[in-house]
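Engineer:
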Amino acid sequence: MDKEDTIDEETYDEGVEEDQDDDDHVYLNEETESVYGQVMVGHAPEKRIVPPLNFCPVERYLYRSGQPSPVNFPFLLNLNLRTIIWLANEEPQDSLLEFCDHHDIQLQFAAINPDGGEDDNPWDGLTEHSIINALQTIVDQEKYPLLVCCGMGRHRTGTVIGCLRRIMGWNLASVSEEYRRFTGSRGGRILVELLIEALDTKLVKIDRNRAPPWLLTALEQPE
1 MDKEDTIDEE
11 TYDEGVEEDQ
21 DDDDHVYLNE
31 ETESVYGQVM
41 VGHAPEKRIV
51 PPLNFCPVER
61 YLYRSGQPSP
71 VNFPFLLNLN
81 LRTIIWLANE
91 EPQDSLLEFC
101 DHHDIQLQFA
111 AINPDGGEDD
121 NPWDGLTEHS
131 IINALQTIVD
141 QEKYPLLVCC
151 GMGRHRTGTV
161 IGCLRRIMGW
171 NLASVSEEYR
181 RFTGSRGGRI
191 LVELLIEALD
201 TKLVKIDRNR
211 APPWLLTALE
221 QPE
């Protein structure tokens with residue numbers, strides 16, 4: 001055998017050790033059966049950050065969404081929430097209650113039909129009183145950062161945000177367009193838009209010393 005064809009044993013052993021070290025950092029692909037047929041990556045996949053259904057910023061440090069689930073909690077932690085306004089008639093999932101309790105987040109129930117029974121339609125409880133109750137929290141900067149949510153983040157949440165937009169001086173066409181943006185293929189509910197239009201916004205008491213800056217800016221705009 002020629003000298004060129006010989007393999008230095010020491011070099012071979014070092015190569016084997018390096019291959020073994022590399023194998024320690026291989027993450028297997030479930031769709032393959034052998035190590036050499038797999039996709040190899042140098043690090044473990046990062047945890048996914050998933051926002052809640054219909055999540056969207058409304059104004060600075062004010063957000064809206066559907067009911068958050070455990071997969072959304074890492075995302076919510078990044079918001080540093082101080083308050084969550086829950087607009088549905090039924091109680092939220094236990095996981096959300098535990099999340100708020102563990103992270104010292106105030107969970108406010110907006111008193112939507114609090115005396116209703118199991119056969120009552122939760123939608124029937126959306127009253128002027130409950131909307132104003134939610135709005136009084138929203139106009140208080142001490143409650144921020146703040147998330148407004150209901151089951152799907154559509155109609156109940158859309159009603160409260162629509163009423164907030166009226167306080168800010170938005171015209172009804174713009175309020176309706178924003179509301180319908182979150183309602184999906186079924187479209188909006190005429191009762192929601194009528195309720196938004198009929199709300200007496202003067203019933204919401206705004207303390208200018210505690211109001212968010214973006215609200216003060218909106219109130220200073222000429223009508």
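In full-length UniProt numbering, the protein residues as written are 1 to 223.
Glycine included, C-beta positions come from ideal geometry on N, C-alpha and C.
Just so we're clear, the structure is a prediction, and the values are computed from it rather than from any experiment.
(1) To which residues of the same chain is residue 136 closer than 8 Å at the C-beta, ignoring the five residues directly before and after it?
(2) For the stretch 179-188 and the stretch 151-162, state whether three or more C-beta atom pairs, one from each stretch, are separated by less than 8 Å.
(3) If contacts are defined as beta-carbon pairs under 8 Å, then residue 146 and residue 219 qualify, I think. What distance do you get, rounded to the angstrom?
(4) Identify which residue in 168, 184, 200 has its Cα closest to the Cα of residue 216.
(5) When the Cα atoms are used, what is the spatial distance from residue 122 to residue 89?
(6) Measure the C-alpha to C-alpha separation of residue 97 and residue 222 and round it to an integer number of angstroms.
(7) Taking its Cβ as the centre, do 16 or more other Cβ atoms sit within 10 Å of residue 212, making it buried, or is it exposed?
(8) Mark residue 92 as exposed unless 16 or more other C-beta atoms lie within 10 angstroms of its C-beta, in which case mark it buried.
(9) For residue 109, write down the residues that DSSP places opposite it in a beta bridge.
(10) Under a three-way DSSP split, which group does residue 196 fall into?
(11) Beta carbon of residue 106, beta carbon of residue 210: below 9 Å?
(12) How many angstroms separate the CA atom of residue 48 from the CA atom of residue 109?
(13) Could you check how far apart the C-beta atoms of residue 195 and residue 134 are, in whole angstroms? I think they sit under 8 Å.
(14) So, at 7 Å on beta carbons, what are the nonlocal neighbours of residue 100 in its own chain, with the 5 sequence-adjacent residues on each side left out?
(15) Are residue 54 and residue 65 close, meaning C-beta to C-beta below 9 Å?
Structural biologist: On the basis of the coordinates in this document:
(1) 204, 205
(2) yes
(3) Residue 146 to residue 219, Cβ: 18 Å. No contact.
(4) 168
(5) Below a pLDDT of 50, predicted positions are generally treated as unreliable, and residue 122, at 47, falls in that range; the measurement from the model is reported next regardless. Roughly 5 Å between the two C-alpha positions.
(6) 42 Å
(7) buried
(8) buried
(9) 86
(10) helix
(11) no
(12) 30 Å
(13) That belief does not hold up - the Cβ atoms of residue 195 and residue 134 are roughly 13 Å apart, past 8 Å.
(14) 84, 107
(15) yes
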